[in-house]
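Chemist: The structure is given below, and queries will be raised subsequently.
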Amino acid sequence: MGQPVRDYLLTLCVTAAVTYLLTGPVRKFAIAVGAMPAIRARDVHREPTPRLGGIAMFGGLCAGLIVANHLANLDGVFELSSEPRALLSGAALIWLIGVLDDKFEIDALIKLGGQMLAAAVMVLQGLTILWLPIPGVGTVALTPWQGTLLTVALVVITINAVNFVDGLDGLAAGMVLIAAAAFFLYTYRLWYGHTIEAAAPATLFAAILMGMCLGFLPHNMHPARIFMGDSGSMLIGLVLAAGAISVTGQVDPDTMKIFEGSERQATHAMLPVFIPLLLPLTIIAIPAADLVLAIVRRTWNGQSPFAADRGHLHHRLLNIGHSHSRSVLIMYFWSALIAFGAVGYSVHSTSMWIVLVIVGLSALGLILLLMPRFTPRAPRWAESFVPPRYRRRRRRGEGPGAAESHEAPAEAAEDSPVAQDPRTGREGREPAPQAPPAAGVSGANGATAIGSRSRFADRRKAGSTHR
Numbered sequence: 265m266g267q268p269v270r271d272y273l274l275t276l277c278v279t280a281a282v283t284y285l286l287t288g289p290v291r292k293f294a295i296a297v298g299a300m301p302a303i304r305a306r307d308v309h310r311e312p313t314p315r316l317g318g319i320a321m322f323g324g325l326c327a328g329l330i331v332a333n334h335l336a337n338l339d340g341v342f343e344l345s346s347e348p349r350a351l352l353s354g355a356a357l358i359w360l361i362g363v364l365d366d367k368f369e370i371d372a373l374i375k376l377g378g379q380m381l382a383a384a385v386m387v388l389q390g391l392t393i394l395w396l397p398i399p400g401v402g403t404v405a406l407t408p409w410q411g412t413l414l415t416v417a418l419v420v421i422t423i424n425a426v427n428f429v430d431g432l433d434g435l436a437a438g439m440v441l442i443a444a445a446a447f448f449l450y451t452y453r454l455w456y457g458h459t460i461e462a463a464a465p466a467t468l469f470a471a472i473l474m475g476m477c478l479g480f481l482p483h484n485m486h487p488a489r490i491f492m493g494d495s496g497s498m499l500i501g502l503v504l505a506a507g508a509i510s511v512t513g514q515v516d517p518d519t520m521k522i523f524e525g526s527e528r529q530a531t532h533a534m535l536p537v538f539i540p541l542l543l544p545l546t547i548i549a550i551p552a553a554d555l556v557l558a559i560v561r562r563t564w565n566g567q568s569p570f571a572a573d574r575g576h577l578h579h580r581l582l583n584i585g586h587s588h589s590r591s592v593l594i595m596y597f598w599s600a601l602i603a604f605g606a607v608g609y610s611v612h613s614t615s616m617w618i619v620l621v622i623v624g625l626s627a628l629g630l631i632l633l634l635m636p637r638f639t640p641r642a643p644r645w646a647e648s649f650v651p652p653r654y655r656r657r658r659r660r661g662e663g664p665g666a667a668e669s670h671e672a673p674a675e676a677a678e679d680s681p682v683a684q685d686p687r688t689g690r691e692g693r694e695p696a697p698q699a700p701p702a703a704g705v706s707g708a709n710g711a712t713a714i715g716s717r718s719r720f721a722d723r724r725k726a727g728s729t730h731r
C-alpha cells in the first residue's frame with residue numbers, strides 16, 4: 265500500500281508546486297495584457313484584480329500527468345486506458361474557452377457550447393458512462409446515445425456548479441479541494457482495497473485535482489492577489505466530473521461483489537457507495553444547490569438563467585452579517601460534512617455512529633449560521649497562534665510590553681513640535697508626520713494587483729460588490 269500512496273503524493277506535490285510557482289508570473293502576465301475587468305455590481309472585491317489563474321492550474325495539470333506517466337505504479341494507467349488522454353483533450357479545450365472569456369468576456373451561450381464540445385471530445389476518446397447500477401434491478405447497460413447524453417449533462421452541470429460558487433476569495437478552490445480529497449479516499453479504496461484497476465484513472469484525477477487547488481489557494485485566499493477566472497473554475501469542474509464519470513461509468517458493479525449471492529444483491533449492498541459517484545452533485549452539493557436556486561430565482565424574476573445577480577449562497581452569508589473569511593469557512597464546513605459524510609457512510613453504511621456524527625455536526629453548522637456576529641476568543645496561551653481579532657483585549661498594564669505600548673504615544677507627543685491654532689490661539693502639538701508608503705507596498709488589508717488598497721471613508725458609499 266505504501267508505494268502507490270507515495271506515487272500519488274509525489275504527483276500531488278509536483279502538481280501543487282508547479283501551480284504555485286506559475287501563479288506569480290501568470291499574475292504579472294494578466295496585469296500586462298489587461299485581464300483585469302472593471303468591478304461589477306455583484307462583485308465583493310473593491311479593486312480590479314487580475315484573472316487568468318487557470319493558466320497556472322492547467323500547467324499544474326500537465327505537470328501532474330507527465331510525472332504520473334513516468335512513475336512505475338502509475339504508468340499502467342496510461343498504457344491500459346485512454347482516459348488520461350481524454351481528460352487532457354477536454355481540459356485543454358475548456359481551458360482555452362475560459363482564457364478567452366477572462367480576457368474578452370464571451371457570450372454565455374458560447375461558453376455553454378464550448379462546455380458541451382469539451383464533454384463530447386472526452387466521450388469520443390472513451391471517457392463516458394457505459395452502465396449504471398440501479399437499486400433492485402442491477403447493472404443497466406446504456407446505449408451509446410444515452411451514455412453520451414448523460415456524460416455531457418454531468419460535465420456541464422458540474423462545470424457550472426463550480427463556476428457559480430466562485431464568488432469569494434478561495435471559495436471555489438477550497439470546496440473543490442475538499443471534494444477531491446473525499447473522492448480520492450473512496451477511489452483509492454476501490455482500486456487498492458478491492459483490486460479494481462478501472463478505478464485507477466479516477467484516483468489519479470483526484471490526486472492531480474487536489475494539487476491544482478492546493479497550489480493555487482495561497483494566492484487566492486482573502487485578500488486574493490489573483491482570481492482563477494472561468495479558465496480555472498471550468499477547468500477544475502471538468503476534472504472533477506471526469507473522475508466521477510470514470511468510476512461510475514467504467515467500474516462494473518459485478519466486480520464489486522462482496523461475497524453476495526447475486527449481482528442485484530451486490531448492487532443493492534453497494535448503493536451507498538454509488539450515491540456520491542452517480543451524481544457528483546452529492547459531493548459538490550453546496551454549489552449544485554446554489555446552481556439550482558440561481559436558475560429558479562432568475563427564471564422566476566423573468567431573467568435569463570445565465571444572468572448574474574447577488575443572490576448566491578455566499579452573498580446571503582455576507583448579507584446576514586458574516587465576514588468574508590467566516591463565510592468561506594462556513595461553506596468549507598458544509599462541503600466537508602457532505603463529502604466526507606457520504607464517503608464514511610459508503611464504507612460503514614450499517615453503523616449508526618456515522619449518522620449520529622453527521623447529525624451532530626449539522627447542528628453545529630446551523631448554530632454557526634445563526635451566530636454571524638459571534639467572535640470566539642482564544643485562550644491566553646494560544647493568542648500567539650491566532651489572528652489579532654481572536655485575541656482578548658488587554659487592560660492597561662497587563663501583559664508584557666503593555667506599559668511601553670501605552671507610554672509610547674505620550675513620548676511621541678512630547679517630541680512633536682509646538683504650533684499655535686489660528687482659530688483658537690491655543691498652542692498644541694502637531695501630529696508627527698507619517699512617511700508615505702513605499703511603492704508596491706500594500707495597505708492595511710494586504711497586497712492587491714495594482715498596489716496598496718484604497719481607503720473608503722464610508723463603506724456604504726463604496727458599496728458592497730461581488731465579482
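The numbering of the sequence shown is this note's numbering, which starts it at 265 and goes up by one. Glycine is no exception: its CB is placed at the ideal position from the N, C-alpha and C atoms.
What are the complete alpha helix (DSSP H) segments, minimum 4 residues, inside the stretch 426-508?
Modeler: Listed in chain order, the complete alpha helix (DSSP H) runs (minimum 4 residues) inside the stretch 426-508 are 435-452, 464-484.
Chemist: In whole angstroms, what is the alpha-carbon distance linking P348 and W564?
Modeler: Along the sequence shown, one-based indexing puts residue 348 at 84. Along the sequence shown, one-based indexing puts residue 564 at 300. Rounded to whole angstroms, P348 to W564 spans 41 Å at the Cα level.
Chemist: Apply the 10 Å Cβ neighbour rule to G298 and answer buried if 16 or more other Cβ atoms are within range, or exposed otherwise.
Modeler: Sequence index remark: in the sequence shown, residue 298 carries index 34 (1-based). With fewer than 16 other Cβ atoms within 10 Å, it is exposed.
Chemist: Where W617 and F604 are concerned, what is the direct C-alpha to C-alpha distance, given to the nearest angstrom?
Modeler: Along the sequence shown, one-based indexing puts residue 617 at 353. Along the sequence shown, one-based indexing puts residue 604 at 340. Going from the Cα of W617 to the Cα of F604 covers about 14 Å.
Chemist: Looking at the structure shown, is T403 part of a helix, part of a strand, or coil, going by DSSP?
Modeler: Within the sequence shown, the letter at position 139 stands for residue 403. Note: T403 maps to strand in three-state DSSP.
Chemist: Closer than 6 Å by C-beta to M492: which residues in its own chain qualify, once you throw out the five before and the five after it? Chain order, please.
Modeler: Within the sequence shown, the letter at position 228 stands for residue 492. If we look at M492 and ignore the five residues flanking it on each side, its Cβ neighbours are G317, G318.
Chemist: Answer with buried or exposed for D494, where buried requires no fewer than 16 other C-beta atoms within 10 angstroms of its C-beta.
Modeler: Position 230 of the sequence shown, counted from the first residue, corresponds to residue 494. Buried, because 16 or more other Cβ atoms sit within 10 Å of the Cβ of D494.
Chemist: Would you say G493 faces chain D, with C-beta separation under 8 Å as the test?
Modeler: Included in the structure is just one protein chain, with no chain D present.
Chemist: For A446, I'd like the list of residues in its chain whose CB is within less than 6 Å of its CB, leaving aside the five on either flank, ordered along the chain.
Modeler: Translated into positions along the sequence shown, residue 446 becomes position 182. Excluding positions up to five away in sequence, the list reads A603, F604, V607.
Chemist: So, is H458 buried or exposed, given that buried needs 16 or more other C-beta atoms within 10 angstroms?
Modeler: If you number the sequence shown from 1, residue 458 lands on position 194. Looking at its Cβ environment, which holds fewer than 16 other Cβ atoms inside 10 Å, H458 is exposed.
Chemist: Between which residues of its own chain and A280 is the CB-CB distance below 6 Å, once the five residues before and five after are set aside?
Modeler: Against the sequence shown, residue 280 aligns to sequence position 16. Taken in chain order, the residues that qualify are G475, L478, G479.
Chemist: On a Cα-Cα basis, can you pick out the residue from V404, A506, S599 that is closest to P465?
Modeler: On the sequence shown, position 201 is the one that residue 465 refers to. Answer by Cα proximity: A506.
Chemist: Put R719 into one of helix, strand or coil per three-state DSSP.
Modeler: By 1-based counting over the sequence shown, the position of residue 719 is 455. Only weak support is given to the placement of R719: the predicted model assigns it a pLDDT of 37, under 50, and the value that follows is read from those uncertain coordinates. Note: R719 maps to coil in three-state DSSP.
Chemist: Shortest alpha-carbon distance to V208 belongs to which of W395, V429, A383?
Modeler: Residue 208 is absent from the model: the chain starts at 265 and stops at 731.
Chemist: Count the other CB atoms, across all protein chains shown, that sit within 10 Å of the CB of R291; report buried if there are 16 or more and exposed otherwise.
Modeler: Position 27 of the sequence shown, counted from the start, is the residue given in the question as residue 291. So R291 counts as buried.
Chemist: Whole angstroms is fine: what's the gap from T283's alpha carbon to G378's?
Modeler: On the sequence shown, residue 283 is found 19 positions in, with the first residue counted as 1. On the sequence shown, residue 378 is found 114 positions in, with the first residue counted as 1. So the two alpha carbons sit approximately 24 Å from each other.
Chemist: Would DSSP call L557 helix, strand or coil?
Modeler: On the sequence shown, residue 557 is found 293 positions in, with the first residue counted as 1. L557 falls in the helix class under three-state DSSP.
Chemist: Quick check: what's the CA-CA separation for I509 versus E369?
Modeler: Within the sequence shown, the letter at position 245 stands for residue 509. Within the sequence shown, the letter at position 105 stands for residue 369. Rounded to the nearest angstrom, the two C-alpha atoms are 30 Å apart.
Chemist: Residues in its own chain within less than 7 Å of M380 by CB, not counting five upstream and five downstream?
Modeler: Locating residue 380 in the sequence shown gives position 116, counting from the first residue. Correct list, in chain order: V416, V420.
Chemist: Which residues does DSSP list as the beta-bridge partners of W617?
Modeler: Position 353 of the sequence shown, counted from the first residue, corresponds to residue 617. Answer by DSSP bridge pairing: none, since W617 is not bridged.
Chemist: Which residue wins for smallest C-alpha separation from L601, given the options P482, I442, G411?
Modeler: For the purposes of this step, residue 601 is taken as the residue at position 337 of the sequence shown. Closest by alpha carbon: I442.
Chemist: Buried or exposed, going by whether 16 or more other CB atoms sit within 10 Å of the CB of D371?
Modeler: On the sequence shown, position 107 is the one that residue 371 refers to. D371 is exposed by the Cβ-count criterion.
Chemist: Does the separation of the CB atoms of T467 and Y596 fall below 8 Å?
Modeler: Walking along the sequence shown from the start, residue 467 turns up at place 203. Walking along the sequence shown from the start, residue 596 turns up at place 332. Cβ atoms of T467 and Y596: not closer than 8 Å.
Chemist: Taking the C-alpha atoms as reference points, what is the distance between G328 and L502?
Modeler: For the purposes of this step, residue 328 is identified with residue 64 of the sequence shown, where counting begins at 1. For the purposes of this step, residue 502 is identified with residue 238 of the sequence shown, where counting begins at 1. Cα to Cα, the separation comes out at about 16 Å.
Chemist: Rounded to whole angstroms, what is the Cα-Cα separation between L432 and V592?
Modeler: By 1-based counting over the sequence shown, the position of residue 432 is 168. By 1-based counting over the sequence shown, the position of residue 592 is 328. Those two C-alpha atoms are separated by around 7 Å.
Chemist: Looking at C-alpha atoms only, which residue of R453, G288, I295 is the closest neighbour of K735?
Modeler: Residue 735 is absent from the model: the chain starts at 265 and stops at 731.
Chemist: Out of L504, I631, H483, P643, which has the shortest C-alpha to C-alpha gap to G288?
Modeler: Residue 288 sits at position 24 when you count from the first residue of the sequence shown. Of the candidates L504, I631, H483, P643, the one whose C-alpha sits nearest the C-alpha of G288 is H483.
Chemist: For a test of the three-state rule: what should DSSP assign to L396, helix, strand or coil?
Modeler: For the purposes of this step, residue 396 is taken as residue 132 along the sequence shown, with counting starting at 1. If DSSP states are grouped into helix, strand and coil, L396 belongs with the strands.
Chemist: Is M386 helix, strand or coil when you go by DSSP?
Modeler: Indexing the sequence shown from 1 puts residue 386 at position 122. Helix.
Chemist: Taking DSSP as the reference, what is the three-state secondary structure of I631?
Modeler: Walking along the sequence shown from the start, residue 631 turns up at place 367. In this structure, I631 counts as helix in the three-state DSSP scheme.
Chemist: Are L276 and L335 closer than 8 Å when you measure CB to CB?
Modeler: To locate residue 276, count along the sequence shown from 1; it is residue 12. To locate residue 335, count along the sequence shown from 1; it is residue 71. Not a contact, by the Cβ cut-off of 8 Å.
Chemist: Taking its Cβ as the centre, do 16 or more other Cβ atoms sit within 10 Å of M498, making it buried, or is it exposed?
Modeler: For this step, residue 498 is matched to residue 234 along the sequence shown. That one is buried.
Chemist: If I follow the unbroken alpha helix (DSSP H) through M321, where does it start and stop?
Modeler: The residue given as residue 321 occupies position 57 in the sequence shown. Start and end: 317-333.
Chemist: Answer yes or no: do V440 and L391 have a C-beta to C-beta separation smaller than 8 Å?
Modeler: Taking the first residue of the sequence shown as position 1, residue 440 is located at position 176. Taking the first residue of the sequence shown as position 1, residue 391 is located at position 127. It is not a contact, given that the beta carbons lie outside the stated cut-off.
Chemist: M321 and I584 look like a contact to me (Cβ under 8 Å); what is the Cβ gap, rounded to whole Å?
Modeler: In the sequence shown, residue 321 corresponds to position 57, counting from 1. In the sequence shown, residue 584 corresponds to position 320, counting from 1. That belief does not hold up - the Cβ atoms of M321 and I584 are roughly 32 Å apart, past 8 Å.
Chemist: L630: beta carbon under 7 Å from a heavy atom of the ligand MN?
Modeler: No copy of the ligand MN occurs in the structure displayed, which carries no ligand at all.
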